[in-house]
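> I'd like to ask some things about the structure below.
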Amino acid sequence: MFLNQFLLLAAALFCIGVYGVLVRKNGILVLMSIEIILNAVNINLVAFGSLTDDVAGEVFALFTIAVAAAEVGIGLAIVLLMYRNRRSIDFSEADLLKG
Amino acid sequence: MNSLLASMAPLLAEAPTGPPSVTNDANWFLENAWLIPLLPALSFVLILFFGKRMPKKGAEIGIAAVGLAFVLAVITGFAWIDHRDNFEPAGTGGEEALVIGDDGLTSSDSLVLTAEDGGEGEKGGEEEGPVPVAVQSSTQWFQSGGIEFNVGILVDGLAVMMLFVVTLISLLVHVYSTDYVGGDRRYTHFFAFLSLFTASMLFFVLSDNILQMIVGWELVGVCSFVLIGHWWEEKPNSDAALKAFITNRVGDVGLIVGVITLFFAAGGGKTFDTLLINNAIVRGEVGKTALVVAAAALMAAVMSKSGQFILHTWLPDAMAGPTPVSALIHAATMVVAGIYMVARLYPVFYEGMQINGSSINLLATVGAITLVFGGLLAFVQDDIKKVLAYSTISQLGYMAMALGVGAWTAAVFHLFTHAFFKANLFLGSGSVAHSVHSFDMKKDMGGLRKFMPKTYITFIIGSLALAGVFPLAGFWSKDEILVGTGGWNFFGGTGGNGAYTFHLTMGMIGAALTAGYMTRCVYLTFHGEYRGGHAADDGAEAHHGDPHESGPRILVPLYILSGFAILAGLLNMPKGLALWPDSWEERFGHYIEPLGASYFPGISHGTPSYSLAIVSSLIAFAGAGYAFYYYFVKVDRLAKKTGVSLTGMPNGVTTTNPVARVGHKVLVEKYYLDHLYNGVIVAFTKGPLARAAYWVNQNVIDGGVDAVGRASVKSGRFVYDTIDQGVIEGVVNGSGKVSDATGEELRHLNSGKVQNYAAIMFAAAALLAGSFIILLAL
Chain A
525 MFLNQFLLLA AALFCIGVYG VLVRKNGILV LMSIEIILNA VNINLVAFGS
575 LTDDVAGEVF ALFTIAVAAA EVGIGLAIVL LMYRNRRSID FSEADLLKG
Chain B
553 MNSLLASMAP LLAEAPTGPP SVTNDANWFL ENAWLIPLLP ALSFVLILFF
603 GKRMPKKGAE IGIAAVGLAF VLAVITGFAW IDHRDNFEPA GTGGEEALVI
653 GDDGLTSSDS LVLTAEDGGE GEKGGEEEGP VPVAVQSSTQ WFQSGGIEFN
703 VGILVDGLAV MMLFVVTLIS LLVHVYSTDY VGGDRRYTHF FAFLSLFTAS
753 MLFFVLSDNI LQMIVGWELV GVCSFVLIGH WWEEKPNSDA ALKAFITNRV
803 GDVGLIVGVI TLFFAAGGGK TFDTLLINNA IVRGEVGKTA LVVAAAALMA
853 AVMSKSGQFI LHTWLPDAMA GPTPVSALIH AATMVVAGIY MVARLYPVFY
903 EGMQINGSSI NLLATVGAIT LVFGGLLAFV QDDIKKVLAY STISQLGYMA
953 MALGVGAWTA AVFHLFTHAF FKANLFLGSG SVAHSVHSFD MKKDMGGLRK
1003 FMPKTYITFI IGSLALAGVF PLAGFWSKDE ILVGTGGWNF FGGTGGNGAY
1053 TFHLTMGMIG AALTAGYMTR CVYLTFHGEY RGGHAADDGA EAHHGDPHES
1103 GPRILVPLYI LSGFAILAGL LNMPKGLALW PDSWEERFGH YIEPLGASYF
1153 PGISHGTPSY SLAIVSSLIA FAGAGYAFYY YFVKVDRLAK KTGVSLTGMP
1203 NGVTTTNPVA RVGHKVLVEK YYLDHLYNGV IVAFTKGPLA RAAYWVNQNV
1253 IDGGVDAVGR ASVKSGRFVY DTIDQGVIEG VVNGSGKVSD ATGEELRHLN
1303 SGKVQNYAAI MFAAAALLAG SFIILLAL
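Protein chains in written order, with our numbering: chain A, 525 to 623; chain B, 553 to 1330.
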């Protein structure tokens, strides 16, 4: 079992996801990047789960997937509303929270 | 020592966790008192979902539920009386003993609760007959880390008393509200939250563990927030609601700290159960330091919830809510929660504040200061509800002081009687406001006794009871508190738990102030000339502004409350004065006070004396008499003579064009009134005796009275302006400003761009991960 390879893959995916979240301006792409981050975590969970022969890892991964589905539902709703109100899904323009 | 005392529960060794694990023997109503909070809670849900579709817009659901709860509470009360008198723990079984079969603090049989453990429970001298045994039934809510979190009810005299008060007042307020807020834009919503408010308080009262108490406490806070801000469209109302909520949050921090301290120090980190914690403290198993911390932290909670001095500022502002809500808050549901908490967790305070044998402590002193300052503030208010609000603060000060000096029963009894007359006064002020559409006594009231004779009579009864006039309710409870201070050593009558002379003095001053400000309030509202109805100036609309008596749904609650305000005091007539049969004495104390029970400290009672009762009555009369002289005689006369504004006088009555209310008859009316008043004054001064008395009045008494008056008004004004508005508001505003400035600096970080936030978050996470790795490597 080569745990390292899984962890490296997950780390790479995680970095790609973070990069996407921080840099992309398109709302949909940001959401997709978040999905990549979550899946990086899932890979870690499953990898460690199978390493320790514990089913908890897989169970947690399933939970993450379920939560991610809910999260994407809300995220898309936000993007949709943002588009309706501003005719744009550019995240760099959304700065109404400015203090 | 009573033999049955020793025969308490060998704790059910294997804790049955199902409901209800104790009290196989108790009355069904005592075991199932959880129905009482459940009914209004159900009513809340029903009103929210179906209220709008009901013929009466949901009011009937609320009234039915609370009415049923009231009936249950009364039955429970009788069941408790029977239980208290006749309940004998079975010699062997003891299943009905005090405690839930919980794993307990240490080992299974260490929880045997006997009266010997209860310290010197014998001092009270009423140890014949059974010891009070609380009825507890509870069920497991959840379990975590080996700690059971229970939810359950604890029924004893204190809880039963509160059940009665809360359901009764709430029922009357419900009925009253159908008229008072009739046609309101959120009528259904209002009734839903009245129900929830009632349910929360009942839930809080019946809590059998301190964790559950927090839940009830917070629910009460939320409901008060919603109801104070009922008319939130107007800014001051929503501000007042926020202020009430946020001020209470300050105290809640104290509550949480106190509960956590108690959980670890007295509950052994295993139980939140109120009785177990109280018992551990009574047995002296808890360290003094922990108790001092717990008592001080809980004190903060009491100060915010029960409007004690320096955290009381939300209470007068809370008058922005509808009047029935004010009545509910002040009489039954909100502000007494703090007092109830102290009474429920009394060993914490008794030991933590070292009440016994001391002559000063935090709780008593805060109460004493509150009662005098609150009373002074009541003198300078123009808003009738604010007078009553400051009066409540003052009376809560009495209760806190009584608890602080060890007069537990007196405090609880004062809570009981105060609920009736304060609800009466608030609903009375609401009745007045309903008819003149204003709360301003100086601008819009005056002379209302002619228009609202029934409201006037009930208001007078409430005022007399509040002022402590024999034999109305307030007299008995206030006198008992003064006795309880133990500071009175003249002509018989000795102290209970220590010589609290300072507190006795403050209580006396408070009595005079109470009588004085209520006299002022009655004068400004009901006597003199009607000053409202400004619309009358236009002539045509004259009759529209005329005040009118309220309808039966407002008056009947007032009658009922007046009845209680007159009679409630007779429930606890003091011992040993030989004016009445022995069997009438201290009925209230006998059924309510758990003295001798293992979860209650061995307090001792003061001995009542005639001299103290007479002196305190005289002081109250002096206060009332002074105010009476000032307003009913002096101001009144001057008003009649000049017929114009009296603002030049200290705290004078502004009589704004008193006669213009009936259109074109203005002149005739004015003449008629002048004539009448002239007649009255002439009659008054006609005889030589009257003339002589008048001369003395004018030349001798007036000077002194005026000086006293100016001084008291000035000191009241000073306290209000400097301490209340200056220092305290300053501190509150100061803390606001500090956070404002901090926010100003931090807001630059707040670019509003989500991705910047995300970058900061990831950077921080990376930093943490890095430092974690470095730390691990070290």
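Every residue, glycine too, gets a C-beta built ideally from N, C-alpha and C. This structure is a prediction, so every number in the text was calculated from the model and none was measured.
Give every residue of the same chain whose Cβ lies closer than 8 angstroms to the Cβ of A:Val554, excluding the five residues on either side of it in the sequence, and list them in chain order.
Position 30 of the first sequence, counted from the first residue, corresponds to residue 554 of chain A. Correct list, in chain order: Gly544, Val545, Arg548 and Phe615.
> Helix, strand or coil for B:Asp1090, going by three-state DSSP, please let me know.
As a first step, residue 1090 of chain B is located in the second sequence; it is residue number 538 there, counting from the start. At B:Asp1090, the pLDDT of 41 sits below 50, so the modelled position is not reliable and the matter cannot be decided from this model.
> When you compare the CB of B:Ala1310 with every CB in chain A, is at least one pair closer than 8 angstroms?
Residue mapping note: residue 1310 of chain B aligns to position 758 of the second sequence, counting from 1. Yes, B:Ala1310 counts as interfacial toward chain A.
> Between B:Phe978 and chain A, is there a C-beta pair that is closer than 8 angstroms?
Locating residue 978 of chain B in the second sequence gives position 426, where the first residue counts as 1. No, B:Phe978 lies away from the interface with chain A (no Cβ there is under 8 angstroms from its Cβ).
> Between the stretch 1293–1304 of chain B and chain A, which residues of the former have a C-beta closer than 7 angstroms to a C-beta of the latter?
Residues passing the 7 angstroms Cβ filter: Arg1299, Asn1302, Ser1303 and Gly1304.
> What is the residue span of the beta strand (DSSP E) that B:Asn702 lies within?
Position 150 of the second sequence, counted from the first residue, corresponds to residue 702 of chain B. Counting along the chain, the beta strand (DSSP E) containing B:Asn702 begins and ends at Ile699 to Val707.
> Are any of the Cβ atoms in chain B nearer than 8 angstroms to that of A:Gly574?
Stepping through the first sequence from its first residue, residue 574 of chain A is reached at position 50. For clarity, residue 574 of chain A is Ser in the given sequence; the question names Gly instead. No, its Cβ sits nowhere closer than 8 angstroms to a Cβ of chain B.
> Could you please give me the residues that DSSP links to B:Phe694 through a beta bridge?
The residue labelled residue 694 of chain B in the question sits at position 142 within the second sequence. DSSP output for B:Phe694 lists B:Phe701 as bridge partner(s).
> To the nearest angstrom, how far is the alpha carbon of B:Glu1081 from that of B:Gly873?
Counting from one through the second sequence, the residue named residue 1081 of chain B turns up at place 529. Counting from one through the second sequence, the residue named residue 873 of chain B turns up at place 321. Roughly 28 angstroms between the two C-alpha positions.
> Considering Cα atoms alone, identify which of B:Tyr942, B:Met713 and B:Arg835 is closest to B:Ser1150.
Looking up residue 1150 of chain B in the second sequence gives position 598. When each option's Cα is compared against that of B:Ser1150, the closest is B:Arg835.
> In the DSSP assignment, what residue or residues form a beta bridge with B:Gln860?
Here residue 860 of chain B refers to the residue found at position 308 when the second sequence is read from its first residue. According to DSSP, B:Gln860 bridges with nothing at all.
> Using 8 angstroms for Cβ pairs, my map puts B:Leu867 next to B:Ile945. What's the rounded Cβ distance?
Position 315 of the second sequence, counted from the start, is the residue given in the question as residue 867 of chain B. Position 393 of the second sequence, counted from the start, is the residue given in the question as residue 945 of chain B. Contact flag correct, Cβ pair sits at about 6 angstroms.
> Return yes when at least one heavy atom of the ligand ZN lies under 7 angstroms from the C-beta of B:Phe1180, else no.
This structure does not include the ligand ZN; it has no bound ligands of any sort.
> If we ignore side chains and look at the alpha-carbon of each, how far apart do B:Pro1153 and B:His782 end up?
Residue 1153 of chain B sits at position 601 when you count from the first residue of the second sequence. Residue 782 of chain B sits at position 230 when you count from the first residue of the second sequence. Straight-line Cα distance between these residues: approximately 42 angstroms.
> Per DSSP, B:Asp935 is paired with what?
The sequence position of residue 935 of chain B within the second sequence is 383, counting from 1. According to DSSP, which records beta bridges pairwise, B:Asp935 is partnered with B:Asp992.
> Using 8 angstroms as the limit for Cβ to Cβ distance, is B:Val1306 near chain A?
Here residue 1306 of chain B is taken as the residue at index 754 of the second sequence, counted from 1. Judged by the 8 angstroms Cβ criterion, B:Val1306 is in contact with chain A.
> Say whether chain B places a C-beta atom closer than 8 angstroms to the C-beta of A:Ser635.
Residue coverage of chain A in this structure runs from 525 to 623, which leaves residue 635 of chain A outside it and unanswerable.
> Using DSSP bridges, identify the partner residues of B:Gln688.
Mapped onto the second sequence, residue 688 of chain B falls at position 136. According to DSSP, B:Gln688 bridges with B:Leu706.
> Per the DSSP calculation, B:Asp500 is bridged to which residue(s)?
Look at the range of chain B in this structure, 553 to 1330, and you will see that residue 500 of chain B is not part of it.
> Is B:Met1125 helix, strand or coil when you go by DSSP?
The residue you call residue 1125 of chain B lines up with position 573 of the second sequence. In the structure shown, B:Met1125 sits in a strand (DSSP, three-state: E or B).
> Which word fits B:Glu1334, buried or exposed, when buried means at least 16 other C-beta atoms lie within 10 angstroms of its C-beta?
With chain B covering only 553 through 1330, there is no way to say anything about residue 1334 of chain B.
> Note down, in chain order, every chain B residue with its Cβ under 8 angstroms from the Cβ of A:Asp619.
Start at 1 with the first residue of the first sequence, and residue 619 of chain A comes out as number 95. Per Cβ cutoff of 8 angstroms: Ser1303, Gly1304 and Lys1305.
> Among B:Gln1277, B:Pro1146, B:Glu1296 and B:Tyr1181, which residue has its Cα nearest to the Cα of B:Val685?
By 1-based counting over the second sequence, the position of residue 685 of chain B is 133. The candidate whose alpha carbon is nearest that of B:Val685 is B:Pro1146.
> Do you know offhand how far A:Ala618's Cα is from B:Asn1302's?
Along the first sequence, read from residue 1 onward, the residue named residue 618 of chain A stands at position 94. Along the second sequence, read from residue 1 onward, the residue named residue 1302 of chain B stands at position 750. So the two alpha carbons sit approximately 13 angstroms from each other.
> So is B:Ala621 buried or exposed if we call it buried at 16+ other beta carbons inside 10 Å?
Here residue 621 of chain B is taken as the residue at index 69 of the second sequence, counted from 1. B:Ala621 comes out buried.
> Pull up the distance between the alpha-carbon of A:Met606 and that of A:Leu527, whole angstroms please.
As a working mapping, residue 606 of chain A is identified with position 82 in the first sequence. As a working mapping, residue 527 of chain A is identified with position 3 in the first sequence. So the two alpha carbons sit approximately 42 angstroms from each other.
> Figure out for me which residue from B:Leu1110, B:Gly1282, B:Thr826 and B:Asp1292 has the closest Cα to the Cα of B:Trp706.
In the second sequence, the residue the question calls residue 706 of chain B occupies position 154. A quick correction: the sequence has Leu, not Trp, at residue 706 of chain B. Of the candidates B:Leu1110, B:Gly1282, B:Thr826 and B:Asp1292, the one whose C-alpha sits nearest the C-alpha of B:Leu706 is B:Thr826.
> Compute the beta-carbon to beta-carbon distance between B:Thr974 and B:Ala1064, rounded to the nearest angstrom, for a pair I have assumed lies under 8 angstroms.
On the second sequence, residue 974 of chain B is found 422 positions in, with the first residue counted as 1. On the second sequence, residue 1064 of chain B is found 512 positions in, with the first residue counted as 1. The sequence shown places Lys at residue 974 of chain B, rather than the Thr named in the question. Not really, about 19 angstroms apart at Cβ, beyond 8 angstroms.
> Look at the Cβ atom of B:Leu850, then the Cβ atom of B:Met893, and state whether they are nearer than 8 angstroms.
By 1-based counting over the second sequence, the position of residue 850 of chain B is 298. By 1-based counting over the second sequence, the position of residue 893 of chain B is 341. Cβ distance < 8 angstroms, so B:Leu850 and B:Met893 count as in contact.
> Return the Cβ separation of B:Tyr1183 and B:Thr1071 in integer angstroms, given the expectation that the two are a contact with Cβ distance under 8 angstroms.
Taking the first residue of the second sequence as position 1, residue 1183 of chain B is located at position 631. Taking the first residue of the second sequence as position 1, residue 1071 of chain B is located at position 519. Contact flag correct, Cβ pair sits at about 7 angstroms.
> Mark B:Thr922 as exposed unless 16 or more other C-beta atoms lie within 10 angstroms of its C-beta, in which case mark it buried.
Sequence index remark: in the second sequence, residue 922 of chain B carries index 370 (1-based). Result: buried.
> Here's the rule I'm using: 16 or more other beta-carbon atoms within 10 Å means buried, otherwise exposed. How should A:Ile558 be labelled?
Along the first sequence, read from residue 1 onward, the residue named residue 558 of chain A stands at position 34. It is buried - the Cβ of A:Ile558 has at least 16 other Cβ atoms within 10 Å.
> Measure from the alpha carbon of A:Ile552 to the alpha carbon of each residue in A:Gly597, A:Arg610 and A:Val603, then state which is nearest.
In the first sequence, residue 552 of chain A corresponds to position 28, counting from 1. It is A:Val603.
> Look up A:Asp614 in the DSSP assignment and give the residues it is bridged to.
Counting from 1 along the first sequence, the entry for residue 614 of chain A is found at position 90. For A:Asp614, which the question treats as bridged, DSSP gives the partners A:Asn550.
> Can you give the beta carbon distance from B:Leu710 to B:Ala895, rounded, assuming they're within the 8 angstroms contact cut?
Taking the first residue of the second sequence as position 1, residue 710 of chain B is located at position 158. Taking the first residue of the second sequence as position 1, residue 895 of chain B is located at position 343. Confirmed, about 6 angstroms.
> Report the option in B:Val687, B:Leu1024 and B:Ser856 whose CA atom is closest to the CA atom of B:Trp580.
For the purposes of this step, residue 580 of chain B is taken as residue 28 along the second sequence, with counting starting at 1. When only C-alpha atoms are compared, the closest one is B:Val687.
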